[in-house]
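Working notes, beginning with the structure itself.
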Amino acid sequence: MIDLKLLRDDPERIRAALKKRNSDIDLDRIIEMEKQRRAGMTEVQELKSKRNALSEEIAKLKRQGEEPEKLMEQARLLSEQIKKKEEKQRETEQNFGDAVQWLPNVPHESVPVGAGPEANRFIRGLTKAPEADFEVLPHWDICEALDILDLKRASKISGSRFILYKGMGALLERALINFFLDLHTTKHGYTEIFPPVLNPTECLYGTGQLPKLESDMYRCRDDAFYLTPTAEVPLTNMHREEILLEKQLPVRYVAYTPCFRREAGSYGKEVRGITRVHQFNKVELVKYATPENGYTEFEKMLKDAEAAVKALRLPYRIMLLCTGDMTFASAITYDIEVYAPGMKEWLEVSSISCYEQYQSRRANIRYRRPGKGVDFVYTMNGSGLATPRTFIAIVENYQTEDGRIKIPDVLRQYVGVDSIGK
RNA sequence: GGAGAGGUGGCCGAGCGGUCGAAGGCACCCGCUUGCUAAGCGGUUUCUCGUCGAAAGAUGGGACGGGAGUUCGAAUCUCCCCCUCUCCGCCA
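Take a look at the structure:
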């Protein structure tokens, strides 16, 4: 949620942010609703103040053994009036609340303005796709040849855009998950969490998937749960409605979870292979920090994710997303992309976002600074990494001319062999 | 699924329908003190939303799991829901 004080005191900043994001939200309507809401609030409060005074008076008289019937009658009428006003006010609040949920975060000033990927800014890494000295097979071909993915049967048991890893493929996938978890827990100071992946509606509002991304998620029919689209949801909601101590911060969590996405509307794109699927594995990083340290921690998180790509020795680049490419709740987002020489494409394997206080306001996650009251924490998260595309990058980059796949050094202790095939 | 207990401030934990935003403790912060790996003494500190104010602050509303009700008035009474714990049953 955006800061309501900003809405009141400096709406032009929000208007500018909306423009940068190409949003067509009617801000004036929301401002108007907010004014109405406050006016109504004041009215109700004044009536209640009167009633409280009356009640006190009654109590006093009763203690003296009197029966102040006239006052009681007056108070009764007041109460009725209050009830009516309150009902109206509740409606006003509800409408305002619903509307304000749709306001996206204000982008950080360093974020380039633009509509699509072409406006993203290169930060570091490879400027050019590396060339292989032989014809690299795309992952769907090499994986079929080596019998480590079975997409036909995945489709038989679940449908299109599902992955079935098999044999050494399953082992490689498992190795990746373990490697990522070990890396972040032992080298980067994250605490491992293994959370539930069915999350209730409140959690999805908390992190900002709802209301906007409703149709991108799987919902349970009989219970108010969504299948988690990312571990960001459980990890960030762990401290929902809490006041943390300043000395606890930063809190760093890492979790492996499967992630579920309907990918509605993406049909026709990326049809082959496993770049875009309904269920995938991801190791996710989440941090809670103070506003002062927020961006330092954020840059560190980018490095933590980058370390994973580096350790696997994959060709990569880091892009700063433009306003049009960022998600709704994010103030700033970096993508780490690896190159897949078989597909001849750059693939996003990690997206690292800082939400500043946008999520913490929604989820009411605060911290106490000794002697200086409470404030909302900064939250941020990043993939560290998502496996399917990392898997692709490995089978395509580590492919040999004779059709094998070498195992990256750092994974050997998990896989137990040097290569897959022959 | 059945039976019972319970959900109160950052944490633990009291709380006859009005003087309870809530005893006490812990923690925290601020002083003082002390010759010892820290203790003692005193004091402060719930959160939230309005209004006025540049600010310090002043003033009012609200919050004791959530919602509805009874009442002039609810942490306290009634109903519904949610959650936690214990026991029984069932199941991986």
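Sequential numbering of the first sequence, starting at 3, is according to the numbering used here. Just so you know, even glycine gets a beta-carbon here, dropped at the ideal spot from N, CA and C.
Whole angstroms are fine: how far does the CA of residue j sit from the CA of residue i?
i: R65; j: E93; result: 39 Å
i: T259; j: K284; result: 6 Å
i: G384; j: I409; result: 25 Å
i: W104; j: R223; result: 25 Å
i: D225; j: P202; result: 9 Å
i: L148; j: V417; result: 16 Å
i: E216; j: D100; result: 14 Å
i: P293; j: L316; result: 33 Å
i: Q85; j: K52; result: Here residue 85 is Lys; the residue named in the question, Gln, does not match the sequence. K85 and K52: Cα-Cα distance of roughly 14 Å.
i: L128; j: P343; result: 14 Å
i: L200; j: R254; result: 22 Å
i: E68; j: R40; result: 39 Å
i: V412; j: A313; result: 7 Å
i: E350; j: M303; result: 16 Å
i: Q401; j: S160; result: 29 Å
i: P114; j: P13; result: 21 Å
i: Q91; j: L6; result: 18 Å
i: Y360; j: I4; result: 6 Å
i: M35; j: H110; result: 27 Å
i: A61; j: Q76; result: 14 Å
i: V397; j: T298; result: 34 Å
i: K72; j: E89; result: 26 Å
i: T1; j: N54; result: This structure does not reach residue 1, given that the chain is present from 3 up to 424, and the question cannot be answered.
Compare the Cα-Cα distances from residue i to each of the options and report the closest residue.
i: I252; options: P197, Y192, N201; result: In the sequence under discussion, the amino acid at residue 252 is Pro, which differs from the Ile named in the question. Nearest C-alpha to P252: Y192.
i: K249; options: L151, P372, E194, L105; result: P372
i: T277; options: E194, W142, V379; result: W142
i: L9; options: G67, K37, H190, D26; result: K37
i: V419; options: G171, I159, F300; result: G171
i: P198; options: Y228, E294, T188; result: Y228
i: P132; options: I245, A395, W104, G405; result: A395
i: P231; options: G210, D225, I245; result: G210
i: P213; options: P106, K85, K22, K50; result: P106
i: A331; options: V115, V108, K158; result: V108
i: L237; options: K168, L173, G169, Y290; result: Y290
i: G275; options: A156, E45, E48; result: A156
i: F300; options: K189, M3, A333, L314; result: A333
i: F196; options: A266, G161, L206, N180; result: N180
i: K130; options: I367, W348, K374, R368; result: W348
i: C324; options: S112, V235, E398; result: S112
i: S81; options: V138, V46, K62; result: V46
i: H190; options: I320, L247, K305; result: K305
i: A307; options: D26, I159, T389, E358; result: T389
i: I32; options: M43, R17, T44; result: R17
i: T187; options: M43, I150, G386; result: G386
i: D152; options: A61, G169, G208, V138; result: G169
i: L174; options: M219, G116, C145; result: C145
i: E265; options: Y220, N97, S421, N54; result: Y220
i: A365; options: L166, H110, M240; result: M240
i: D135; options: I422, R414, D404, G423; result: D404
i: M43; options: A19, R15, K87; result: K87
Which whole-angstrom value describes the C-beta separation of residue i and residue j, a residue pair presumed to lie in contact below a C-beta threshold of 8 Å?
i: S353; j: D337; result: 5 Å
i: C356; j: M382; result: 4 Å
i: V311; j: V340; result: 6 Å
i: L183; j: V288; result: Going by Cβ atoms, the distance from L183 to V288 rounds to 14 Å, so no, they are not a contact pair.
i: Q281; j: F164; result: 6 Å
i: R23; j: G375; result: Not quite, the Cβ-Cβ distance comes to about 32 Å (not below 8 Å), so this is no contact.
i: L322; j: R126; result: With 8 Å as the limit, L322 and R126 do not qualify as a contact, their Cβ atoms being about 10 Å apart.
i: Q296; j: Y380; result: It should be noted that the sequence gives Gly, not Gln, for residue 296. G296 to Y380, Cβ: 3 Å. Contact.
i: T392; j: L139; result: No, T392 and L139 are not in contact; Cβ-Cβ is about 18 Å, not under 8 Å.
Going by the DSSP bridge assignment, what does residue i pair with across the sheet?
i: K289; result: R254, M382
i: V376; result: R370
i: K408; result: S421
i: M321; result: F124, D337
i: Q401; result: I407
i: A313; result: According to DSSP, A313 bridges with nothing at all.
i: A388; result: K284
i: A342; result: E347
i: E358; result: T381
i: S332; result: None; S332 has no bridge partner.
i: S352; result: I338
Given 6 Å as the limit, tell me if residue i has its C-beta closer than that to any heavy atom belonging to the ligand PLP.
i: M345; result: You won't find the ligand PLP in this model; it holds no ligand whatsoever.
As an exercise, report each continuous alpha helix (DSSP H) stretch of at least 4 residues that is fully enclosed by the segment 71-107, in chain order. 71-102
Inside the segment 194-275 only - beta strand (DSSP E) runs reaching at least 3 residues: 200-202, 227-229, 244-247, 253-262
In chain order, which continuous runs of the alpha helix (DSSP H) of length 4 or greater are located wholly inside the segment 9-59? 13-22
Those runs of the alpha helix (DSSP H) which lie wholly inside the segment 126-190 and span at least 4 residues: 141-148, 153-159, 170-184
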